[in-house]
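Trainee: Below: one structure in structure tokens.
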Amino acid sequence: MNVRPPPDAAQEWDAIVVGAGPAGAALARRLRPRHRVLLLDRAPARAAAAPRIGESLPGAARVLLQRLGIHDGFLAQGHAQRGAAVSQWEQDTPAWFDGVRDPHGPGWHLDRARFDAFLREAAVAAGAVLAGDVRQSTVAHDGGRWRVDVERPGPDGAAPSLHTHRAPILVDASGRSMSVARQLGLARHGQDRLVCLYAHLPADAGDQDQLTRICADTNGWWYSVRVPSGQRVLAFHLDSDDPDLKTLRDPARLLARAQRHALLAGIRPATTDFAVHAQPAGGGGLDPSAIAALPAGFFAVGDAMLAFDPVASQGMFNALATAESAARAIAATLGGSADARARYLDEMRAVQARYRRHLDATYAAVQHHAHEPFWRRRGADAAAPVLSPSTPA
Ligand SMILES: Cc1cc2nc3c(=O)[nH]c(=O)nc-3n(C[C@H](O)[C@H](O)[C@H](O)COP(=O)(O)OP(=O)(O)OC[C@H]3O[C@@H](n4cnc5c(N)ncnc54)[C@H](O)[C@@H]3O)c2cc1C
261 MNVRPPPDAA
271 QEWDAIVVGA
281 GPAGAALARR
291 LRPRHRVLLL
301 DRAPARAAAA
311 PRIGESLPGA
321 ARVLLQRLGI
331 HDGFLAQGHA
341 QRGAAVSQWE
351 QDTPAWFDGV
361 RDPHGPGWHL
371 DRARFDAFLR
381 EAAVAAGAVL
391 AGDVRQSTVA
401 HDGGRWRVDV
411 ERPGPDGAAP
421 SLHTHRAPIL
431 VDASGRSMSV
441 ARQLGLARHG
451 QDRLVCLYAH
461 LPADAGDQDQ
471 LTRICADTNG
481 WWYSVRVPSG
491 QRVLAFHLDS
501 DDPDLKTLRD
511 PARLLARAQR
521 HALLAGIRPA
531 TTDFAVHAQP
541 AGGGGLDPSA
551 IAALPAGFFA
561 VGDAMLAFDP
571 VASQGMFNAL
581 ATAESAARAI
591 AATLGGSADA
601 RARYLDEMRA
611 VQARYRRHLD
621 ATYAAVQHHA
631 HEPFWRRRGA
641 DAAAPVLSPS
651 TPA
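Going by the working numbering, the letters in the sequence shown line up with residues 261 to 653, in that order.
See the structure below:
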């Protein structure tokens, strides 16, 4: 029989942040040292860094890293400077974009696992308390405060331990799973069926290409870039109901399909002994009005607030930017302001509207495949139910 010990006495915080990804970690750092912050994550606090997709950070993030006080430490981590990009998107003729022309600078190709760990360490260094290995957390609002009951495994196979935490502020920073918002009855809106099939191809000393290569296909789109480890990311984005989702899980087939495009034909790893992963990648977000209807003190940041389609390459910038805006609103709320959350949500409405306009224009630009289902769903048929509220990724 699995006898659970009773929970220990509730611990009091100013803010409980669920999710220690880039958004949650950046927010926790910003709230310190003035506020007591608990940062919860389901991953072990000292987990080995797992390879992750999503490595392109725009130069505009520099100022956010500076305001977090971690810019110099970030530069010392050895991420690669972003080179130029070449795409076959609007038409078959390749178009070039040189990041040097970006007024914010070219940006970086990150070692993503290292970047995420760096942000978490920065939050802890600022005094946030990080509790990893969270198996389950239950949230409720009672007595005018948020309450989170957390279950974590006991040491060496002992029974799990239960802890109760309370705070006036509760933040969902759990990424696309938006697990706290879902517990509170909110749903994700505007998410489509996009799935990313991706592989980290083995490092190849002969491959020194620094270009980001982007390519529209009949039933989706590709990108490929070398990351600081020397490995090459190869990613194909398609719809979840496309039969290719199954067949292209085979490394040799994925590679062969990529090589049909002139821009990707030169990608020739020495072996096809690599894993192909699938990850939900559709954009979508929480409805700010639904958040406004929840009790005071609930916030969402990063992908939990608005997940960007990967074609935008803006997810991490958004994670850092929403952390900054939410930190300002949370500090004001803790200081007694009654309308700080409403102002934050207005800002999020504006971000969502701008993002939607850019996304529609980006997909509508692919005229040569416009009649194919993948592109029709994002162009002429975009108002059809495919982009209606759906279950979260
Ligand atoms: C295919 C693909 C490609 C992408 N490419 C790019 C790119 O090139 N550039 C870019 O900027 N962005 C890119 N992104 C998006 C980027 O990765 C995300 O926007 C970014 O990770 C968001 O950060 P976050 O902190 O909000 O969420 P996450 O990074 O998802 O972090 C969420 C954290 O919450 C934790 N968590 C989840 N549920 C719970 C729970 N119930 N309890 C406790 N902890 C929990 C997780 O363990 C995780 O640590 C891409 C995304 C995809 C899918």
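Ideal placement from N, C-alpha and C gives every residue a C-beta, glycine not left out.
Who are the Cβ neighbours of I313 in its own chain at under 6 Å, not counting the five residues just before and after it?
Mentor: Correct list, in chain order: Y458.
Trainee: Using 6 Å as the cut-off, classify the Cβ of V297 as near or not near the heavy atoms of ligand 1, replying yes or no.
Mentor: Answer for V297: no, Cβ out of range of ligand 1.
Trainee: Sort L287, W273, V277 and G281 by Cα distance to A587 and report the nearest one.
Mentor: Measuring from the Cα of A587, the nearest candidate turns out to be L287.
Trainee: Mind checking H631: buried by the 16 CB within 10 Å criterion, or exposed?
Mentor: So H631 ends up on the exposed side.
Trainee: Hey, out of P282, A535, R294 and A285, whose CA is closest to D274's CA?
Mentor: Here the closest residue by C-alpha is R294.
Trainee: Are V277 and V431 touching if we call contact CB-CB under 7 Å?
Mentor: Yes, the pair counts as a contact, with Cβ atoms nearer than the cut-off.
Trainee: Run the proximity test for I313: is its beta-carbon closer than 6 Å to any non-hydrogen atom belonging to ligand 1?
Mentor: Yes, the beta carbon of I313 sits closer than 6 Å to at least one heavy atom of ligand 1.
Trainee: Please look up how many angstroms separate the CB atoms of L328 and A382, rounded, as I've assumed it's under 8 Å.
Mentor: Rounded, the Cβ-Cβ distance is 7 Å, consistent with contact.
Trainee: Mind checking whether S347 and I527 have CB atoms under 7 Å apart?
Mentor: For S347 and I527, no; Cβs fall outside 7 Å.
Trainee: Less than 6 Å between the CB of D658 and some heavy atom of ligand 1, yes or no?
Mentor: Residue 658 falls outside the range modelled here, since the chain spans only 261 to 653, and no answer is possible.
Trainee: On the DSSP letters alone, give me the boundaries of the beta strand (DSSP E) that L508 sits inside.
Mentor: Run containing L508: none; DSSP gives neither H nor E here.
Trainee: Nearest to A391 by alpha carbon, out of A285, F378 and A556?
Mentor: Comparing Cα positions, the closest option is A285.
Trainee: Which first and last residues belong to the beta strand (DSSP E) in which P540 is found?
Mentor: Looking at the DSSP string, the run of the beta strand (DSSP E) that includes P540 is H537 to P540.
Trainee: Does V384 come out as helix, strand or coil in the three-state DSSP assignment?
Mentor: DSSP places V384 in helix when its eight states are reduced to three.
Trainee: Looking at the structure shown, is W406 part of a helix, part of a strand, or coil, going by DSSP?
Mentor: The answer is strand: DSSP assigns W406 an E or B state.
Trainee: Give a yes or no on whether the C-beta atoms belonging to H401 and P548 are separated by under 7 Å.
Mentor: Contact: no.
Trainee: Can you tell me whether P304 is buried or exposed? The criterion is at least 16 other CB atoms within 10 Å of its CB, across all chains shown.
Mentor: With fewer than 16 Cβ atoms within 10 Å of its Cβ, P304 is classed as exposed.
Trainee: Under 6 Å: does the beta carbon of D563 sit that close to some heavy atom of ligand 1?
Mentor: At least one heavy atom of ligand 1 is nearer than 6 Å to the Cβ of D563, so yes.
Trainee: In whole angstroms, give me the CA-to-CA distance for P570 and D358.
Mentor: Their Cα atoms are separated by approximately 19 Å.
Trainee: What residue does the alpha helix (DSSP H) around D499 start on, and which one ends it?
Mentor: Taken as a continuous stretch (DSSP letters only), D499 belongs to no alpha helix (DSSP H), being part of the beta strand (DSSP E) at R492 to D499.
Trainee: Distance check for D393 and L299, CA to CA, integer angstroms please.
Mentor: Distance between the alpha carbons of L299 and D393: 11 Å.
Trainee: Helix, strand or coil: how does DSSP classify S597 here?
Mentor: Coil, per DSSP.
Trainee: For my contact list, G542 and Q612 are in at a C-beta cut-off of 8 Å; report their separation, rounded to the angstrom.
Mentor: Incorrect: roughly 15 Å between the Cβ atoms, too far for contact.
Trainee: Nearest to V455 by CA position, among I429, H497 and P488, is which residue?
Mentor: Ranking I429, H497 and P488 by Cα distance to V455 puts H497 first.
Trainee: Are there 16 or more other CB atoms within 10 angstroms of the CB of D332, so buried, or fewer, so exposed?
Mentor: Exposed, by the Cβ-count rule.
Trainee: Please report how far the alpha carbon of G575 lies from the alpha carbon of A550, in whole angstroms.
Mentor: Going by the C-alpha atoms only, they are around 22 Å apart.
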